[in-house]
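Report on the structure given below.
Residue numbers (this note's numbering): 7 to 227.
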């Protein structure tokens, strides 16, 4: 083998070794961030369950748990944008944003911002879309408790959230298919409005029947 051939082989091996080193570092960042993001998703889901149970203290604890996991994931992926913007990171940030927004709207409190949560804007928008579904669940719980005033307040917030989402008109590649999520929220809101309208009509009918019964029983024998 000529010296020239040997030199080429060494150069090629050196170039490939550099690539291998970069891939190893990138994979290590992914392996570190993946379980943290899964943990954040799990904590966020449990946070939402606690909100619906009315356990705001536990919900706040779980939300902080999710925040901490995402902060660690961000640290692990620093310098690796291809991992920091990967789908599993977006999903975790979206679930965290959904939990934070749901807690704020149902339990009361200041609405969190993307900056305060430390999540990407697109992930936050998806969190808003998903939170609309959680507000529907809260409305149904409030209907069973015959709290129509609460239901109407939540429906108004759902409308405001959806109205803002429809203004985000950019290519799906930029918004991670936000348009589809927004379309889903429209159906959720219309079903909720229908449920609330029916409940209000039934309540008015019951009131009229009670009034009629009162006049009948209170009249002369």
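For each residue, glycine too, the CB sits at the ideal point set by N, CA and C.
Closest by C-alpha distance to residue 119, out of 196, 192, 107, 112, is 107.
About 11 Å separates the beta carbons of residue 167 and residue 194, which is beyond the 8 Å limit, so they are not a contact pair. Three or more beta-carbon pairs drawn from the segment 93 to 106 and the segment 135 to 146 are found closer than 8 Å, and the two stretches are therefore classed as touching. Between residue 204 and the set 189, 31, 157, the nearest pair of CA atoms involves 157. A straight line joining the alpha-carbon of residue 37 with that of residue 183 spans about 26 Å. For the 9 Å CB-CB criterion, residue 62 and residue 113 form a contact.
Within its own chain, no residue has a Cβ closer than 6 Å to the Cβ of residue 190 once the five positions on either side in sequence are excluded.
With respect to the C-alpha of residue 208, the residue from 123, 176, 149, 163 having the closest C-alpha is 149. Sorting 139, 192, 197, 131 by C-alpha distance to the C-alpha of residue 176 places 131 at the top. With 16 or more other Cβ atoms inside 10 Å of its own Cβ, residue 39 counts as buried. If you check the CB distance, residue 67 and residue 111 do not come in under 9 Å.
Going by DSSP, residue 86 is part of no alpha helix (DSSP H) at all; its letter is neither H nor E. Straight through space, the alpha carbons of residue 23 and residue 55 are spaced by roughly 48 Å. Across the structure, residue 159 and residue 50 are spaced so that their CA atoms are roughly 24 Å apart.
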